[in-house]
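Chemist: Line by line, the protein sequences are chains A and B. For the record, in the first sequence the residue sitting at position 57 is 46 according to the working numbering, with numbers rising by one throughout. Here the working numbering = 1-based position in the second sequence + 15. All C-beta atoms in this analysis are idealised placements derived from N, C-alpha and C, irrespective of residue type, glycine included. Bear in mind the structure is a predicted one, so any value in this text is a computation, not a measurement.
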Amino acid sequence: MTGGKKTWWWQALSGLVLVFLLGLHLFANHFMAGGLLTYDDVVTYLSNPWILTLEVLFLATVIYHALLGVRALMLDRGISGQQERKLTRVLVVVGVVLFLYGIWLFWVILT
Amino acid sequence: MNIEEYKRPEPRQPEARLSEWFSPAKRGVGGWAFLLHRFTGIVLVLYLALHFYVLSYLARGPEAYQAALNFLENPIFVALEVALIAAVIYHGLNGLRLILMAYNIGVKHQKAMFWVVFVLSALTTLVAAVYML
Ligand code: HEM
Ligand code: HEM
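Right under this line is the structure:
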């Protein structure tokens, strides 16, 4: 597979995973026990270790899929190989920062 | 039908301009599907950023979070939330359709599948809207 095809494949695979994880997220937030309407609801929801695991996976997958998407958008505007490498590095940093932020939020909520 | 039609359109020039992405000229059903997919993808990224910001209120304790939620009960935000649901459903279903296309599954029926995706999205959104409003 060439570079472009491979990243498309990862985009598709993470999209497929998101169907389930985002589905769960939306279902839980709106329908489980009447929806997560208050701070306490959120704490109770995240206290379940299985749910927490899935939400952490969800966090990582959306960030990955979203930034890969942003990268595809930028590449479609036509940039040089050097700019592409720079873009990738910037997006990796953004992704890691967002992920750490998400984990930090879970941690603050649960402690 | 020619399979080239269903692939992501190549940028028309190396320096494709933003305005061209959204140009309605020379688009078949596949082109419109792609345009909507791209548009909803961008909407979802923007929502994700906003969502992370709103969730930061969770770190400031129950009162702050409740205040943020109360603020979001404004009908404008509820309407935006319905639009968000529409974007998620369309992007997700059409994403599945694109994956099938990529594996050469049902390419013959890609236009019909687009309309299935479109109608399903519209119906789900309607149900969500009725439920939420
Ligand atoms: C619900 C499950 C989802 C599925 C099945 C899915 C599937 C896909 C697929 C297959 C593509 C590649 C399209 C192509 O270029 O041929 C894509 C692109 C994209 N997705 Fe998703 N996605 C999902 C959720 C999301 C979410 C939650 C976001 C944002 C937070 C997002 C943002 C994007 C962006 C920005 C692109 C790039 C658009 C483009 O290249 O025109 N997606 N998605
Ligand atoms: C209107 C629908 C939505 C509601 C009511 C909602 C609500 C919430 C709530 C209450 C939380 C914190 C508790 C938890 O982790 O479950 C959360 C977290 C999260 N949501 Fe949503 N959400 C919605 C849609 C979305 C969408 C469409 C996306 C993806 C684009 C998304 C991405 C996330 C992520 C990644 C987290 C984890 C953040 C963290 O690390 O704390 N949400 N959401």
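Would you kindly report the start and end of the unbroken alpha helix (DSSP H) that includes M128 (chain B)?
Modeler: Position 113 of the second sequence, counting from 1, holds the residue named residue 128 (chain B). 125 to 147 is the extent of the alpha helix (DSSP H) around M128 (chain B).
Chemist: For a contact defined as C-beta to C-beta under 7 Å, what are the partners of I98 (chain A) on chain B?
Modeler: In the first sequence, residue 98 (chain A) corresponds to position 109, counting from 1. Residues of chain B passing the Cβ test: L73.
Chemist: Looking only at its own chain, which residues have a Cβ that is under 7 Å from the Cβ of A144 (chain B), when we skip the five neighbours before and after it?
Modeler: Mapped onto the second sequence, residue 144 (chain B) falls at position 129. Excluding residues within five positions, the ones whose Cβ falls inside 7 Å are V97.
Chemist: Indicate, with yes or no, if ligand 2 has a heavy atom lying under 7 Å from the CB of H14 (chain A).
Modeler: To locate residue 14 (chain A), count along the first sequence from 1; it is residue 25. Answer for H14 (chain A): yes, Cβ within range of ligand 2.
Chemist: Ignoring anything shorter than 3 residues, give me the beta strand (DSSP E) runs that lie fully in the region 33 to 63 of chain A, in order along the chain.
Modeler: None, since the region 33 to 63 of chain A contains no complete beta strand (DSSP E) of that length.
Chemist: Residues of chain B with CB under 8 Å from V85 (chain A), in chain order?
Modeler: The residue given as residue 85 (chain A) occupies position 96 in the first sequence. Those do not exist, as V85 (chain A) stays about 14 Å from chain B at its closest Cβ, beyond 8 Å.
Chemist: Are the CB atoms of Y28 (chain A) and A17 (chain A) within a distance shorter than 8 Å?
Modeler: Start at 1 with the first residue of the first sequence, and residue 17 (chain A) comes out as number 28. Start at 1 with the first residue of the first sequence, and residue 28 (chain A) comes out as number 39. Not a contact, by the Cβ cut-off of 8 Å.
Chemist: Please report the residue range of the alpha helix (DSSP H) in which E73 (chain A) lies.
Modeler: Counted from its first residue, the first sequence places residue 73 (chain A) at position 84. 70 to 99 is the extent of the alpha helix (DSSP H) around E73 (chain A).
Chemist: If you follow the alpha helix (DSSP H) that R53 (chain B) is part of, which residue opens it and which one closes it?
Modeler: Numbered from its first residue, the second sequence carries residue 53 (chain B) at position 38. Residues 44 to 70.
Chemist: Along the region 120 to 146 of chain B, what residues have a CB closer than 9 Å to any CB found in chain A?
Modeler: If the cut-off is 9 Å between Cβ atoms, the region 120 to 146 of chain B has A143, Y146 near chain A.
Chemist: What residues from the region 101 to 112 of chain B come within 8 Å of chain A, judged by C-beta to C-beta, listed N to C?
Modeler: Cβ contacts with chain A come from V103, G107, G110, L111.
Chemist: Along chain A, in chain order, which residues have C-beta atoms closer than 7 Å to that of V58 (chain B)?
Modeler: The residue you call residue 58 (chain B) lines up with position 43 of the second sequence. Going along chain A, no residue has its Cβ under 7 Å from V58 (chain B), so there is no contact; the nearest lies around 11 Å.
Chemist: Say whether the region 118 to 130 of chain B touches the region 77 to 87 of chain B, bearing in mind that this needs 3 or more beta-carbon pairs closer than 8 Å, one atom from each stretch.
Modeler: With the cut-off at 8 Å, the region 118 to 130 of chain B and the region 77 to 87 of chain B do not touch.
Chemist: Under the three-state reduction of DSSP, which class applies to L13 (chain A): helix, strand or coil?
Modeler: Indexing the first sequence from 1 puts residue 13 (chain A) at position 24. Reduced to three states, the DSSP call for L13 (chain A) is helix.
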